[in-house]
Ligand SMILES: Nc1ncnc2c1ncn2[C@@H]1O[C@H](COP(=O)(O)OP(=O)(O)OP(=O)(O)O)[C@@H](O)[C@H]1O
Ligand SMILES: [Mg+2]
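Protein chains in written order, with the numbering used here: chain A, 330 to 751; chain B, 75 to 309.
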C-alpha cells in the first residue's frame, strides 16, 4: 500500500520522464485495443451484411452436385417432384426452429421484362402468398396479391423499388403494364424491404455479395408462372427461422425433409442424378469471412505486441537509471533496516504502477482510436471488455517482468557503497 | 557489554592487491557508554563505523553485537539488527528530500512493521523530544542544518535502539547547533543509550566519556576524559 502511494508520488514528481517511459506501453496497448475493437466491429458487420440483422431467412434450393440448379438453361430435372405446396407447408412449419416457409420459383438476370421504354434485367419470382411476409418485404405503394388474384389466375405483378425505378422511372407504376416474354401484366403494387432487413453495403465485396438481390426484382403470383415459363419447375423454399443462431440448423432440417420427399431414390450418401436440396448457409459464410479477417488481424496483434516488448525494455532502461540515481536513498533505507525483499518490492511496485498506468492510458487512447477508425470506415463500434482487462493485466505483468532486473540491482546494492556515493 | 570486537580486520581488494584498512581491532563497549573515536582522515573511522553498524562484515575476526555473532547473520537478519538495535546519524543528515520530517522519522518504524497510527504517534513523540514539534510537516529543504540533524537524530532514536552510531554528526553544522546536538546526545546517553561518535574536533570529542584514537587502521590506547566506567577497552 505504502509502496503504491510512494510509486505514484515518484511518478508524479517526474511527470515528463514517466510519460515518455510509458509511451511504448501506451502505444502498444492502444494499438491492440484498436485492432481488437475493429475486429469485433468488422465481425459484427460481416454478420449483419450477410444475414441482414434480424431477417433470419434461409433459402433452400435444388442443387445438382455442387451447383445450384439453374432453371433458365436446363430442362425440368428428372426424378425431382414438384412440391405439393399446401401439404409440404404444414410439414415444414411443424419442424422445430422453423417459423414460416414460402415457396417460389425464380429466374436470374432476366431480360424479358419490358415496358415500351425500357428493359429490366434483374430477378423474376413466382411467389406464393406468404413470400413477402417471410422475406421481409412490405407494400410501399399499391396493394398486395389477393387470394382472388391466385384463384382467377390474374395477370398481375408487384415490383420492388429498384425494378419500379428501372421500368417506370419517376412515373407511378401502379396500373402500368409490363410485358414478360410478351405477355402483358398489370402492376398492382410496389414492395420494399423492411429497414432492418436491408443489408448494409459499403464495399465492393459487399456489393458483389449482393449483386443478385440488388439488381431489383419482379414478383408474379406462382399460378401465373407457367404462362410465361414452364409447368412443373421444382420450387425453392424461403425459410424464416426464429433465432439467427439456428439458421444453419433449420436450413439443414428443411433441406433434408425436401430431399427425402421430393427426390426420387434419394439416399444421404448421394443420388445417381446428383440432385439434392441444400440450404444457402449465410451464417457459415459469415463465420468463414470472420475467420479470415481474424487471422490477418491476429498478425497485427503480434506486431503490436512487439511494440509492447519495446515499451517494456524502455521501462527497464529508465528504471535502471533511476536505481543508479537513487543509490543514496537505497543505501539509507538499508541502513535504516529495509530488507532486500522490501527494496525489491518497492522497485517492482514502481515499475508495475508505471506500466499499468501506461496500460490504462493506452486503453483510453485505444478506445478513442477505435472510435475514429470505426467512424471513418463506418463500422459498428464494439469495445471488447475482455481485451481491456487482459491488456491492463498484461501491462502489469510487463512491469513485473521488466522491473525485475532493476529491482534486483537495487536490492543487491552494497549499503556502504550506496551511502558513500554522495 | 553491548559489543565486542576481537582481532577484527577489514581489507578492500583494489585490483589484485588487498588494501588493509582496519587491522587487528579489539574493543569492548558497555551498555550506556559514550565513546568518541578520533583519527586523521583516511585512518579507517568510517570503515569501523560501517562494521559496527552491521552495514559491512569483517574480513577477519569476530564482532559480537548484543550477544550475536554478526559474521554469521544472514542479510535479512542484519537488516533486522540495524532496524531494531542501531540508530544512525550521518554527517550530511541523509534525510529523504521528498518526505516531511514526520515521514522521515516514521521510516524505520515502517521497516519494523509498526502499524501506521502507532508509527505516527511514536514519531511525533521523538520529534517533540528534540524540540521539533512545530516543524513536523516541513520538508528537509525548509529546515536549517541543525534542525535537519535533529530530525535525523529523532529518526535514529524512534525505534528505541540500544546503540547510536554517529559519523561526524556536527561536521556540517556551526558551533552553536553543534553544541545543541552534543547536549541532545548527552541527554540520550543519560537515558541509557550507548553512543559511539566519530569526530575530527577535539572539543566535540570532549563531550564523550571516553575517546579512542585510530591511526592507520589501528586502535591506539584509549584516553579517558572522565572517570572510566569499567574496563572499556582491552588490547
Ligand atoms: N570500498 C573501498 N574500496 C577501497 N578502499 C576503500 C574503500 N572504502 C574505504 N577505502 C579506503 O579505506 C581507508 C579508510 O577510509 P575511511 O572512509 O574509513 O576513512 P575515514 O577515517 O572515515 O576518513 P574521513 O575522516 O576522511 O572520513 C581509505 O584510505 C580509503 O581509501
Ligand atoms: Mg569518514
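By construction, the Cβ of each residue, glycine as well, lies at the ideal position given by its N, Cα and C atoms. Please read all numbers here as calculations on a predicted model, not as lab measurements.
Please check if any C-beta of chain A sits within less than 8 Å of the C-beta of residue 79 of chain B.
no
Cα-Cα, which of A:335, A:430, A:338, A:397 is closest to residue 570 of chain A?
A:430
With three or more beta-carbon pairs closer than 8 Å as the criterion, would you say the stretch 117-135 of chain B touches the stretch 199-207 of chain B?
no
Beta-carbon separation (whole angstroms), residue 521 of chain A vs residue 466 of chain A, contact threshold 8 Å:
7 Å
Using a C-beta cutoff of 8 Å, does residue 534 of chain A count as contacting chain B?
In this predicted model, residue 534 of chain A has a pLDDT of only 46, less than 50, meaning its place in the structure is not dependable; the value taken from the coordinates is given anyway. No, residue 534 of chain A does not count as interfacial toward chain B.
Between residue 299 of chain B and residue 284 of chain B, what straight-line distance do the alpha-carbon atoms span, to the nearest angstrom?
Residue confidence for residue 299 of chain B is low, a pLDDT of 47 falling below 50, so the modelled location carries little weight and cannot support an answer.
DSSP-derived helix/strand/coil call for residue 112 of chain B
strand
Can you confirm whether residue 127 of chain B, when its beta carbon is compared against all beta carbons of chain A, has any partner nearer than 8 Å?
yes
Near ligand 1, which residues have their beta-carbon closer than 6 Å to a heavy atom?
B:86, B:88, B:93, B:95, B:113, B:115, B:116, B:117, B:118, B:119, B:120, B:121
Backbone secondary structure at residue 471 of chain A - three-state DSSP:
strand
Given that residue 184 of chain B touches chain A, what residues does it touch there, using C-beta distances under 8 Å?
331
Beta carbon proximity, residue 87 of chain B to chain A, threshold 8 Å
no
Measuring alpha carbon to alpha carbon, tell me which of A:567, A:349, A:359 ends up nearest residue 427 of chain A.
A:567
Going by CA-CA distance only, name the one from A:638, A:407, A:562, A:581 that's closest to residue 355 of chain A.
A:638
Under 7 Å from any heavy atom of ligand 2, does the C-beta of residue 130 of chain B make it?
no
Report whether the distance from the Cβ of residue 321 of chain B to the nearest heavy atom of ligand 2 is below 7 Å.
Because chain B here runs from 75 to 309, residue 321 of chain B falls outside it and cannot be looked at.
Do residue 111 of chain B and residue 227 of chain B have their beta-carbon atoms positioned less than 8 Å apart in this structure?
no
Distance cutoff 8 Å, beta carbons only. Does residue 669 of chain A sit that close to anything in chain B?
yes
Tell me, please, which residues DSSP counts as bridged to residue 429 of chain A.
A:569
3-residue-minimum beta strand (DSSP E) runs that sit fully inside the stretch 444-513 of chain A, ordered along the chain
452-456, 466-471, 485-489, 506-509
Just how far apart, CA to CA, sit residue 105 of chain B and residue 232 of chain B?
18 Å
Take residue 369 of chain A as the anchor and find which of A:713, A:725, A:499 has the nearest alpha-carbon.
A:713
Min CB distance residue 722 of chain A to chain B below 8 Å
no
Would you tell me roughly how many angstroms separate the C-alpha atoms of residue 494 of chain A and residue 401 of chain A, rounded to the nearest one?
25 Å
Check the C-beta distance from residue 362 of chain A over to residue 692 of chain A and give it rounded, since I have them as a contact under 8 Å.
6 Å
Straight-line Cα distance separating residue 214 of chain B from residue 160 of chain B:
23 Å
At which residue ranges does the stretch 185-224 of chain B contain complete alpha helix (DSSP H) runs of 4 or more residues, listed in the order of the chain?
190-203
Mind checking the stretch 210-226 of chain B against chain A and listing, in chain order, the residues whose C-beta falls within less than 7 Å of any C-beta there?
none
Who are the neighbours of residue 661 of chain A on chain B, taking C-beta pairs under 7 Å?
168
Do we get a CB-CB distance below 8 Å when we pair residue 683 of chain A with the residues of chain B?
no
Check whether the Cβ of residue 149 of chain B lies closer than 8 Å to any Cβ atom in chain A.
yes
How would you write the range of the alpha helix (DSSP H) that residue 576 of chain A sits in, first residue to last?
576-591
On the criterion of 16 or more Cβ atoms from any shown chain inside 10 Å, does residue 593 of chain A qualify as buried, or is it exposed?
exposed
Could you tell me which chain B residues have their CB closer than 9 Å to the CB of residue 745 of chain A, listed as they occur along the chain?
120, 121, 124, 129, 130
Could you check what DSSP says for residue 747 of chain A in three-state terms: helix, strand or coil?
helix
Can you give me the start and stop residues for the alpha helix (DSSP H) that residue 661 of chain A sits inside?
656-664
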